[in-house]
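Report on one structure; see the data block that follows.
Below you can see the structure in the form of structure tokens.
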């Protein structure tokens with residue numbers, strides 16, 4: 001069982017094995033949480049702390065104990081096993097899950113128990129967690145991963161109890177949620193797989209790439225546990241390669257964890273993520289329930305006159321647009337000075353008559369990542385510009401809705417239209433709209449969009 005301090009479930013809470021000098025404080029919380037015929041005795045708590053200390057974990061807020069979970073190991077979950085500890089037992093029997101009265105109904109108990117289960121090491125011979133609970137608490141335990149097995153034969157106090165269990169091996173499997181980003185209904189926006197709950201010391205890049213290929217979505221994001229700095233690291237994979245940044249996968253990750261769907265306490269207003277290159281991605285919940293992301297701007301440079309002809313050829317061969325339909329071609333560069341994303345503004349007439357040749361876009365040697373084709377105006381009321389994004393070089397013929405591309409297209413149109421807030425429609429088959437607030441002074445952009453979860457499950461390999 002992990003003995004490290006952890007803060008990965010609820011902001012402001014720290015979880016750590018309970019020291020012996022905190023037993024009196026724990027007993028006070030225990031006594032106020034259970035009827036006298038059900039509460040553990042002071043001597044019972046002392047026994048559990050002395051003999052099973054790795055499994056007696058406290059939750060602290062501002063250095064004060066606000067709750068705890070304690071358990072002992074046993075070979076069989078029976079009434080007699082409630083008062084003993086077998087260090088070799090394959091069952092971890094949980095005896096108490098309690099928080100102080102003034103800390104209840106704030107999500108702390110959920111966060112504390114989920115953190116506790118996460119901290120149990122399945123390589124230490126523990127196969128399952130067991131507990132008994134009253135009927136009014138069944139939903140709480142089910143939400144934390146436990147299964148109700150029926151009435152328990154264990155007699156503890158005057159009331160009947162239900163038997164619950166959690167298969168630790170199954171629980172430790174990485175989890176995923178498929179999120180439709182920049183969408184308010186299923187089947188719209190851009191889907192991303194958000195993978196979390198994995199052991200960062202065991203996963204490899206080969207495994208992450210295999211998972212991304214299995215999902216076969218434009219992006220799969222792997223969300224690492226929260227670090228000591230309060231940030232979670234993100235790794236982005238297409239079905240064929242790892243990429244440095246993905247906007248819609250970031251929004252999907254924020255949606256999952258801001259809403260507590262990733263096992264957090266929920267109710268957070270802000271979350272910070274870090275990319276592989278330590279780029280800081282700030283996310284928050286807006287007043288109308290949308291997710292807002294704060295990214296660095298990636299402003300396109302105009303293509304120099306001497307290079308322009310080969311880009312005009314790219315636009316003509318890839319989209320069927322001759323020079324007369326091109327308004328402006330610009331682009332961003334990667335760390336090696338190569339053209340990364342190309343931005344081609346075309347006339348509305350040319351945009352509406354695109355003839356896409358994926359082969360030409362894939363084989364062109366003059367850029368390394370993707371192409372944004374865009375125009376002023378939109379068929380959607382209130383939108384200032386329309387775009388489409390193609391990235392066949394990284395295995396994505398056309399991306400449905402692309403947050404990172406708007407870090408380039410939004411400042412382009414904000415400057416062109418002389419307005420700091422612009423709305424863009426990405427006019428793919430699925431389509432999506434995002435509101436973009438450009439801050440040239442800070443070099444950052446706010447991207448706002450909606451999202452919803454369409455499926456979830458566990459990864460079995």
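Numbering (my numbering), first residue to last: 1 to 461.
Don't be surprised by glycine CBs; every beta carbon is placed ideally from N, CA and C.
Find the nearest neighbour of residue i within the set the options, judged by alpha-carbon distance.
i: residue 361; options: 332, 391 and 353; result: 391
i: residue 114; options: 141, 124 and 96; result: 141
i: residue 60; options: 363, 15, 86 and 194; result: 15
i: residue 328; options: 336, 452 and 350; result: 350
i: residue 471; options: 243, 354 and 366; result: Lying outside 1 to 461, the shown extent of the chain, residue 471 is not represented and no answer is given.
i: residue 49; options: 84, 100, 309 and 280; result: 84
i: residue 194; options: 234, 149, 203 and 447; result: 234
i: residue 448; options: 62, 250 and 335; result: 250
i: residue 325; options: 305, 297, 199 and 355; result: 355
i: residue 136; options: 160, 47, 217 and 286; result: 160
i: residue 300; options: 19, 443 and 306; result: 443
i: residue 57; options: 22, 64, 228 and 68; result: 68
i: residue 426; options: 446, 454, 376 and 461; result: 376
i: residue 88; options: 127, 111, 70 and 106; result: 127
i: residue 133; options: 222, 112 and 146; result: 146
i: residue 454; options: 164, 252, 34 and 204; result: 252
i: residue 170; options: 198, 12 and 138; result: 198
i: residue 281; options: 446, 108 and 46; result: 446
i: residue 124; options: 73, 105 and 144; result: 73
Between the alpha carbons of residue i and residue j, how many angstroms are there, rounded?
i: residue 24; j: residue 41; result: 11 Å
i: residue 293; j: residue 36; result: 50 Å
i: residue 236; j: residue 245; result: 7 Å
i: residue 210; j: residue 283; result: 28 Å
i: residue 388; j: residue 406; result: 10 Å
i: residue 52; j: residue 97; result: 16 Å
i: residue 414; j: residue 383; result: 12 Å
i: residue 168; j: residue 175; result: 14 Å
i: residue 441; j: residue 337; result: 24 Å
i: residue 331; j: residue 416; result: 16 Å
i: residue 99; j: residue 378; result: 54 Å
i: residue 243; j: residue 43; result: 56 Å
i: residue 347; j: residue 320; result: 13 Å
i: residue 462; j: residue 271; result: Limits of the chain in this structure are 1 at one end and 461 at the other, which puts residue 462 out of reach.
i: residue 162; j: residue 269; result: 36 Å
i: residue 341; j: residue 401; result: 15 Å
i: residue 275; j: residue 118; result: 24 Å
i: residue 464; j: residue 228; result: The requested residue 464 does not occur in the structure, where the chain is confined to residues 1 to 461.
i: residue 334; j: residue 380; result: 33 Å
i: residue 534; j: residue 38; result: This structure cannot settle anything about residue 534, because the visible part of the chain is limited to 1 through 461.
i: residue 62; j: residue 116; result: 19 Å
i: residue 75; j: residue 86; result: 7 Å
i: residue 397; j: residue 419; result: 31 Å
i: residue 107; j: residue 258; result: 13 Å
i: residue 122; j: residue 173; result: 11 Å
Return the chain-ordered list of same chain residues with a C-beta closer than 7 Å to the C-beta of residue i, the five sequence neighbours on each side being excluded.
i: residue 77; result: 91, 93 and 130
i: residue 357; result: 317 and 318
i: residue 3; result: Caution is warranted here: a pLDDT of 43 is assigned to residue 3, below 50, making its placement in the model unreliable, and no coordinate value can be reported.
i: residue 224; result: 200, 232 and 233
i: residue 188; result: 180, 430, 431 and 432
i: residue 298; result: 332, 407 and 408
i: residue 255; result: 179, 291 and 451
i: residue 213; result: 239
i: residue 277; result: 244
Might you give, ordered along the chain, the residues of its own chain that have their beta carbon closer than 6 Å to the beta carbon of residue i, omitting 5 neighbours on each side?
i: residue 103; result: 66
i: residue 452; result: 180
i: residue 79; result: 154
i: residue 364; result: 314
i: residue 29; result: 98 and 100
May I ask you to list the residues that DSSP assigns as paired with residue i?
i: residue 296; result: 444
i: residue 225; result: None, per the DSSP bridge assignment.
i: residue 282; result: 272 and 294
i: residue 16; result: 58
i: residue 467; result: The requested residue 467 is not part of the displayed model; the chain covers only 1 to 461.
i: residue 394; result: Per DSSP, none; premise fails for residue 394.
i: residue 191; result: 180
i: residue 426; result: 387 and 432
i: residue 142; result: None; residue 142 has no bridge partner.
i: residue 53; result: Answer is none; residue 53 lacks a bridge partner.
i: residue 28; result: According to DSSP, residue 28 bridges with nothing at all.
i: residue 456; result: 177
Within its chain, find whatever has a CB closer than 8 Å to the CB of residue i; leave out the 5 residues flanking it on each side and keep chain order.
i: residue 184; result: 450 and 452
i: residue 409; result: 343, 372, 374, 385, 387 and 424
For a cutoff of 9 Å on Cβ pairs, would you count residue i as touching chain B?
i: residue 295; result: You won't find chain B in this structure, because it holds only one protein chain.
When you measure from the CB of residue i to every non-hydrogen atom of the ligand MG, does any distance come out below 8 Å?
i: residue 194; result: The model on display carries no ligand, and the ligand MG is accordingly not part of it.
What ranges does the beta strand (DSSP E) occupy inside the segment 156-184, keeping only unbroken runs of at least 3 residues that lie completely in it? 162-167 and 175-181
Taking only runs that begin and end inside the segment 66-140, name each unbroken alpha helix (DSSP H) of 4 or more residues, in chain order. 108-119
In the segment 198-262, which residue ranges form an unbroken alpha helix (DSSP H) of at least 4 residues, counting only runs that do not cross its ends? 205-215 and 247-258
Please list the segments of the alpha helix (DSSP H) lying wholly inside the segment 330-393, counting only runs of 4 or more residues, in order along the chain. For the segment 330-393, whole alpha helix (DSSP H) runs of length 4 or above, ordered along the chain, are 348-351 and 358-363.
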